[in-house]
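Q: Numbering (the working numbering), first residue to last: 4 to 478.
From the three backbone atoms N, C-alpha and C, an ideal C-beta is built for every residue, glycine too.
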Amino acid sequence: MITFLSVNAMMTHIPRIHTALFLTVLWGLLLSAWAAVPAAAQTGNLDFTLHKLESGMEGNTLLVVGGIQGDEPGGFNAASLLVSHYRITRGNVWVVPNLNFISIIHSTRGIYGDLNRKFSALQESDPEYQVIEDIKSIILDPEVDIVLNLHDGSGFYRPVHIDNMHCPQRWGQSVIVDQEHLNFPHQFAELGTIARHVAGRVNLHLYDDHHAYYFKNTHTSDGDVEMEKTLTFFAIQNGKPAFGLEASKTFPTPLRAYYILHLLEAYMDYMGIEYERNFPLTAEGVQDAINSNVALAFFDNRIFLDLADIRERLGYIPLPRGSEIRFSATNPLLTVLDAGDGYSVYYGNELLSNLHPEYFDYDFSISGVTLDVDGQEGFTHFGEMVAVADSFTVQPMEGYRVNVIGFTQQGVSNESGIAITRGEIQQRFSVDREGWVFRVEVYKDDRFCGMILVDYLGRSSPGDPNLGRTVSMGR
Ligand SMILES: [Zn+2]
Numbered sequence: 004m005i006t007f008l009s010v011n012a013m014m015t016h017i018p019r020i021h022t023a024l025f026l027t028v029l030w031g032l033l034l035s036a037w038a039a040v041p042a043a044a045q046t047g048n049l050d051f052t053l054h055k056l057e058s059g060m061e062g063n064t065l066l067v068v069g070g071i072q073g074d075e076p077g078g079f080n081a082a083s084l085l086v087s088h089y090r091i092t093r094g095n096v097w098v099v100p101n102l103n104f105i106s107i108i109h110s111t112r113g114i115y116g117d118l119n120r121k122f123s124a125l126q127e128s129d130p131e132y133q134v135i136e137d138i139k140s141i142i143l144d145p146e147v148d149i150v151l152n153l154h155d156g157s158g159f160y161r162p163v164h165i166d167n168m169h170c171p172q173r174w175g176q177s178v179i180v181d182q183e184h185l186n187f188p189h190q191f192a193e194l195g196t197i198a199r200h201v202a203g204r205v206n207l208h209l210y211d212d213h214h215a216y217y218f219k220n221t222h223t224s225d226g227d228v229e230m231e232k233t234l235t236f237f238a239i240q241n242g243k244p245a246f247g248l249e250a251s252k253t254f255p256t257p258l259r260a261y262y263i264l265h266l267l268e269a270y271m272d273y274m275g276i277e278y279e280r281n282f283p284l285t286a287e288g289v290q291d292a293i294n295s296n297v298a299l300a301f302f303d304n305r306i307f308l309d310l311a312d313i314r315e316r317l318g319y320i321p322l323p324r325g326s327e328i329r330f331s332a333t334n335p336l337l338t339v340l341d342a343g344d345g346y347s348v349y350y351g352n353e354l355l356s357n358l359h360p361e362y363f364d365y366d367f368s369i370s371g372v373t374l375d376v377d378g379q380e381g382f383t384h385f386g387e388m389v390a391v392a393d394s395f396t397v398q399p400m401e402g403y404r405v406n407v408i409g410f411t412q413q414g415v416s417n418e419s420g421i422a423i424t425r426g427e428i429q430q431r432f433s434v435d436r437e438g439w440v441f442r443v444e445v446y447k448d449d450r451f452c453g454m455i456l457v458d459y460l461g462r463s464s465p466g467d468p469n470l471g472r473t474v475s476m477g478r
């Protein structure tokens, strides 16, 4: 798998959560079902992230903002794919894929109201005051040349009324400007011209004629008080060319993200930003990309979980006693939230799994084990997933004990030195729902050393878990 983003993906954490407010607002919800609702005081792991995809080659800089509203997954998945599946080779793309992360987790427009109506005047007491301050300063960064705000909108915008779903009141499938021209001198001041150009570009790639994109001018400064409060209007008031991009909520998420990505590529092309993408830009290709390379690592890969097809609940996860939880994710929409008696793993709008820990002291004396896999011997680092066709054997090491989760043999407590086939492991202990991926854990006395995964379906590690985000959370 491609791990190129580690070279040029820089990430900045923007601290933002007001702990006390979090506690107040979420406590009532918490009392209902812990699995469905993230716990209070998740400082850090719901901060939005800024990913600077910088080519090192001089050129323009595009700022892409996804997830301003939490129930618009087409936009935030498209933004996230820029981070995880693209490489910028000329110019720069800055991506905030998860601006309203708490609302993304709750799959709601805005848990503290509409974040895209807070850009004109906002009380300092507003729980999102700091988020707005932080994103405003990124928008105003002198390096940023164009700002794009991604949305999923209802129906299909049409300049004239056709029917209830295709009419001027709808937002889906439109490229939006607040006014025809920017009121400042700028290489990209002709907002209307640019918007019509990119709409024309994506219209070359429609799955159906009625998916066509249209240009929409909200004429915001003519007295549209709602639009005056938005991110794009804030940007153009401050001399930054800005556009709203909408995909239709009528479509499934991958098709929405497909159209948004075509728009993003049209902007990059227009701005002379060059890029590589490691999946085919089709609706199916986008769907596969969203579901690929989704993994989580704890404590520098001592624990690694491939999240593709992960079980709803995993038990006995060996976490360190009395320590904060530190995790890395392959994808900026992945996060882990404290759920009181365990941890919830979220991927955008989806709750993937609940992890139930068992607490151990950790031992750092070794970094992996020697494995015999189908007759081939080699060293495997903790955090790797190993493809097994028939059987594997962990080579015995003096003083270390191996526990293959779901495997038991009468009278044996150390499972090293035993060739283990899939049929000998109880399937209900697998990491995945289908019963192919299993945990192999190594201990020194009572201390946990690390874990590897064996996959009898023959897949190996999906990627570098450090590309997306790394977060420490206190307990
Ligand atoms: Zn929206």
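Among the residues of its own chain, which have a CB less than 7 Å from the CB of S35, if the five just before and after it don't count?
A: Confidence in S35 is poor, its pLDDT being 27 and thus under 50, which makes the residue's placement too unreliable to answer from.
Q: Please list the segments of the alpha helix (DSSP H) lying wholly inside the segment 74–100, counting only runs of 4 or more residues, in order along the chain.
A: 76–88
Q: Beta strand (DSSP E) containing S106: first to last residue?
A: Here S106 belongs to no beta strand (DSSP E); instead the alpha helix (DSSP H) covers 104–109.
Q: Could you compute how far the alpha carbon of L194 sits from the alpha carbon of F187?
A: 11 Å
Q: Keeping to the same chain, check which residues put their C-beta closer than 6 Å to that of V1; ignore five residues upstream and five downstream.
A: Because the chain in this structure spans residues 4 to 478, residue 1 falls outside the shown range and cannot be described.
Q: Tell me whether H109, by its Cβ, gets closer than 7 Å to a heavy atom of ligand 1.
A: no
Q: Mind checking who T3 pairs with in its DSSP beta bridge?
A: In the structure as shown, the chain starts at 4 and stops at 478, and residue 3 therefore has no counterpart that could be examined.
Q: State buried or exposed for Q176, treating a residue as buried only when at least 16 other CB atoms are found within 10 Å of its CB.
A: buried
Q: Please name the residue in A292, V391, P399, I328 whose C-alpha comes closest to that of A82.
A: A292
Q: Indicate whether I328 and I306 have their beta-carbon atoms separated by less than 8 Å.
A: no
Q: Suppose the cutoff is 7 Å on Cβ atoms and the five residues either side in sequence are ignored; what does the same chain contact list for D312 look like?
A: D435, R436, E437
Q: Go through the residues and name those whose CB comes closer than 7 Å to any heavy atom of ligand 1, in chain order.
A: I71, Q72, E75, N119, H154, D155, G156
Q: In three-state terms, what does DSSP make of Q240?
A: helix
Q: Taking the straight line between their C-alpha atoms, what separation do you get for L258 and K219?
A: 21 Å
Q: With DSSP as the reference, label M2 as helix, strand or coil.
A: Look at the range of the chain in this structure, 4 to 478, and you will see that residue 2 is not part of it.
Q: Skipping 5 residues on each side, what residues in its chain have a beta carbon closer than 7 Å to that of V28?
A: In this predicted model, V28 has a pLDDT of only 29, less than 50, meaning its place in the structure is not dependable; the value taken from the coordinates is given anyway. Within the same chain, V28 has no close Cβ partners at all.
Q: Ends of the beta strand (DSSP E) at A332?
A: 328–332
Q: Reducing DSSP to helix, strand and coil, say where T424 ends up.
A: It is a strand residue.
Q: Report, in whole angstroms, the separation of the C-beta atoms of F236 and T223, which I expect to be a contact under 8 Å.
A: 5 Å
Q: Please report how far the alpha carbon of A39 lies from the alpha carbon of E315, in whole angstroms.
A: Here the model assigns A39 a pLDDT of 34, short of 50, so the residue's position is not dependable and the matter cannot be decided.
Q: Rounded to a whole number of angstroms, what is the C-alpha to C-alpha distance between S157 and G226?
A: 23 Å
Q: If you reduce the DSSP assignment to three classes, tell me which class Q430 lands in.
A: Helix, per DSSP.
Q: Is M60 buried or exposed, if buried means 16 or more other CB atoms sit within 10 Å of its CB?
A: exposed
Q: Between A269 and V205, is the Cβ-Cβ spacing less than 8 Å?
A: yes
Q: Quick one: give me the first and last residue of the alpha helix (DSSP H) that T196 is part of.
A: 194–205
Q: Can you give the beta carbon distance from K84 to L264, rounded, assuming they're within the 8 Å contact cut?
A: The sequence shown places Leu at residue 84, rather than the Lys named in the question. That belief holds up - the Cβ atoms of L84 and L264 are roughly 7 Å apart, short of 8 Å.
Q: Please list the segments of the beta strand (DSSP E) lying wholly inside the segment 353–437, counting only runs of 3 or more residues, in order along the chain.
A: 353–363, 371–376, 379–384, 388–390, 394–397, 403–407
Q: Here's a check: name, in chain order, each residue in its chain whose Cβ is nearer than 7 Å to the Cβ of S110, leaving out the five neighbours to either side.
A: Sequence-distant partners of S110 (beyond 5 residues in either direction) whose C-beta falls short of 7 Å from its own C-beta, in its chain, are G73, D74, N352.
Q: Can you give me the Cβ contacts of S173 inside the same chain, cut-off strictly under 6 Å, excluding the 5 residues immediately before and after it?
A: Here residue 173 turns out to be Arg, not Ser, going by the sequence shown. These residues qualify, in order along the chain: S157, G158, F159, Y160.
Q: Expressed to the nearest angstrom, what Euclidean distance is found between the alpha-carbon atoms of V150 and R90?
A: 19 Å
Q: Tell me the residue span of the beta strand (DSSP E) that contains I141.
A: Element bounds for I141: not the beta strand (DSSP E) but the alpha helix (DSSP H), 132–142.
Q: Measuring only the C-alpha atoms, how far is D375 from T396?
A: 5 Å
Q: Taking buried to mean at least 16 other C-beta atoms within 10 Å of its own C-beta, is S463 buried or exposed?
A: exposed
Q: In chain order, what residues of the same chain have a beta carbon less than 7 Å from the beta carbon of Q290, not counting five sequence neighbours either side?
A: P257
Q: Among the candidates V178, D148, L336, A260, whose CA atom is the shortest distance from the CA of P244?
A: D148
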